[in-house]
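Using the working numbering, you'd call the opening residue of the sequence shown number 366 and step up by one each time.
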Amino acid sequence: MAVQHGSSRQRDRLQMTASAVSALPESLDSNAVARLSRDEPAWLRTLRSSWWRRVEADPWPSSAAEEWRRTKLDDLPRDGALLTDPPRATYEVDSALAEQGVVFTDLASAVREHPDLVQSHLGRRETIIPQGSIWARSLAAWTGGTFLYVPRGVEVDGPLMARTELPAGDYTYLPHTLVVLEPEARVTLLEEISSPDGASTWFGGTAELVVGPGARLRYANLQRLGDGAWRIGAQRTEVGQDADVITLNAEVGSLVSKMGLDLRMSGKGGTSKLLGLLAAGGKQMIDINSCQDLLGSHTTSDLLYLSALYDEAHAAFYGVTRVRPDAKQTSSYQECRNLLLSPKAGAEPIPVLEIETNDILRCGHGATAGAIDPVQRFYAQSRGLSADEAEQMIVRGFFERVVAQIDSEPIKARILDALASRIGYAELDGIAA
């Protein structure tokens, strides 16, 4: 038996129209933050106010920063109304897991029903400086997002999914997701966000993943926003001692998507993989900056981001691997590969290594950007495929290095379905898109 959060009220919200959005508060300012927290507990009002003061002190990233040199915020639709009553995803968790203390719900409900859990983790951590103002704005003005808590030693079989369909309209939505795994806990989570085409939506979602000693997290984020949306967000992951984490970010939608990935390998013996799949067309811009910060000894952290770029799409990647003085006997690698499927498509991968100790096992990088190998294309067509079919098969094969690492079949199906809307529906190794 499953415990389900969100029913008829949630379905009604999913039908929200642009006219409903226009009735929301006019702007995001200190008054709007105060209105959001009017009926909230005192600790949360104080927390929101504290983060908003940081926004006022440093409202926007500097275009002089290397991480923001490629994405300009001049055209960000920042004047849209703040979406204060967003559609709520369906959160289902087995009743036996709920009895063991697993909490899977939206963040606002968690504040009401599990205040101590939320208070002990929400807004307690900074993120990397380039995403500091984005992080602060979300923590001050969040109106949605997922809360997942898994107690010590509890294993959740099968994936949990939180899928949100946003309404049409020009508005600002700043959800914050908080995932907390106690020691030896295990869970897999997919978050998926989508919105209609044709609207100037600013989606400023952030996520914080806190993975305790010996815990195992598989986290996937699927972005399918409409063709006028801007996604400006941040994701922070804390990996404890001997913990095992894989994150996957799949970027398919939006006009502009700018994500900052902040990985802290704080515990000895932890392992992590940062995986990414980007499929962009039209005049899309997808810009990723990452920091793999190795603080603990005997840790392993690998990053693999793959992009397929059509039309005039552009992808930028600025990745930093930082190995601290105490991070002895560590292994790290970052790899960014870009497949250019149009003469006007472009990619700019820039890997950076900052090594502060000479006692490491490995620290390296690889980055490429180029068209399909003509020999590979010729071979595919010689097998009886059309030019389009050959291209689809090659792109699917290119993505397979990441797809093969998705160990949840339901999540893999969602990711492949989203990618197919861009790259086509050819089959690869018997897996249909």
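Just so it is clear, CB atoms sit at the ideal spot from N, CA and C, and this is done for glycine as well.
Note that the coordinates shown come from a computational prediction; the quantities given were computed from them, not determined experimentally.
Query	Result
I need the straight-line Cα distance from A673 to V760, nearest angstrom please.	7 Å
Per DSSP, what kind of secondary structure is A505 in: helix, strand or coil?	helix
Could you pull out every unbroken beta strand (DSSP E) segment of at least 3 residues lying fully inside the stretch 649 to 679, listed in chain order?	650 to 659, 665 to 674
What is the rounded straight-line gap between the Cα of M366 and the Cα of A461?	Since pLDDT at M366 reaches only 49, below the 50 mark, its modelled position is unreliable, and the value read off the structure follows with that caveat. Straight-line Cα distance between these residues: approximately 8 Å.
Where does I597 fall in DSSP's three states?	strand
Express the C-alpha separation of S395 and V767 in angstroms, rounding to a whole number.	42 Å
Would the beta-carbon of G598 fall within 8 Å of that of R502?	no
DSSP three-state label for L784, please.	helix
Do you know how far the Cα of R629 is from the Cα of R687?	10 Å
What separation, rounded to the nearest whole angstrom, lies between the Cα atoms of D444 and A594?	13 Å
Would you kindly report the start and end of the unbroken alpha helix (DSSP H) that includes I759?	752 to 768
Please state whether DSSP places W425 in a helix, a strand or coil.	coil
Measuring straight from C-alpha to C-alpha, what distance separates G579 and G605?	7 Å
When you compare only the Cα positions, how much space is there between I780 and A615?	7 Å
DSSP on T365, reduced to helix/strand/coil?	What is shown of the chain runs 366 to 798, which leaves residue 365 out entirely.
Please give me, in chain order, every unbroken run of the alpha helix (DSSP H) with length at least 4 that falls completely inside the stretch 710 to 748.	739 to 747
Which one of I494, Y456, W417, H486 has the shortest CA to CA distance from A429?	I494
Helix, strand or coil for R376 per DSSP?	Because R376 sits at a pLDDT of 37, beneath the cut-off of 50, its placement in the model cannot be relied upon, and the point is left open.
Decide if N654 is buried, meaning its Cβ has at least 16 other Cβ atoms within 10 Å, or exposed.	buried
Alpha carbon to alpha carbon, what distance is there between V398 and F743?	58 Å
Skipping 5 residues on each side, what residues in its chain have a beta carbon closer than 7 Å to that of A388?	Bear in mind that the predicted position of A388 carries a pLDDT of just 35, short of 50, making it too unreliable to give a figure here.
Taking the Cβ atom as the reference point for each residue, do R583 and I611 lie within a distance shorter than 8 Å?	yes
Judging by CA-CA distance, which residue of Q770, K623, T665, V483 is the nearest neighbour of K693?	T665
Give me the DSSP bridge partner(s) of Q606.	Beta-bridge pairing links Q606 to no other residue.
Tell me E520's beta-bridge partners as DSSP assigns them.	R551
For S696, which residues from the same chain have a beta carbon less than 6 Å from its beta carbon, with the 5 sequence-adjacent residues on both sides left out?	T665, L726, R727
Mapping DSSP to helix, strand and coil, what is K437?	coil
Would you tell me roughly how many angstroms separate the C-alpha atoms of A644 and L482, rounded to the nearest one?	37 Å
Measure the alpha-carbon distance for H541 versus Q484 and round it to whole angstroms.	14 Å
With which residues is L412 paired in a DSSP beta bridge?	For L412, which the question treats as bridged, DSSP gives no partner whatsoever.
Where does D772 fall in DSSP's three states?	coil
Indicate the three-state DSSP secondary structure (helix, strand or coil) for S395 in the structure shown.	helix
From W425 to I499, what does the alpha carbon distance come to, in whole angstroms?	7 Å
For V777, which of helix, strand or coil comes out of DSSP?	The amino acid occupying residue 777 in the given sequence is Lys; Val does not appear at that position. Here K777 sits in helix by DSSP.
Return the Cβ separation of A589 and A734 in integer angstroms, given the expectation that the two are a contact with Cβ distance under 8 Å.	In the sequence as displayed, the identity of residue 589 is Arg instead of Ala. That belief does not hold up - the Cβ atoms of R589 and A734 are roughly 25 Å apart, past 8 Å.
Give the single residue among R601, V617, K623 whose Cα lies nearest to the Cα of S631.	R601
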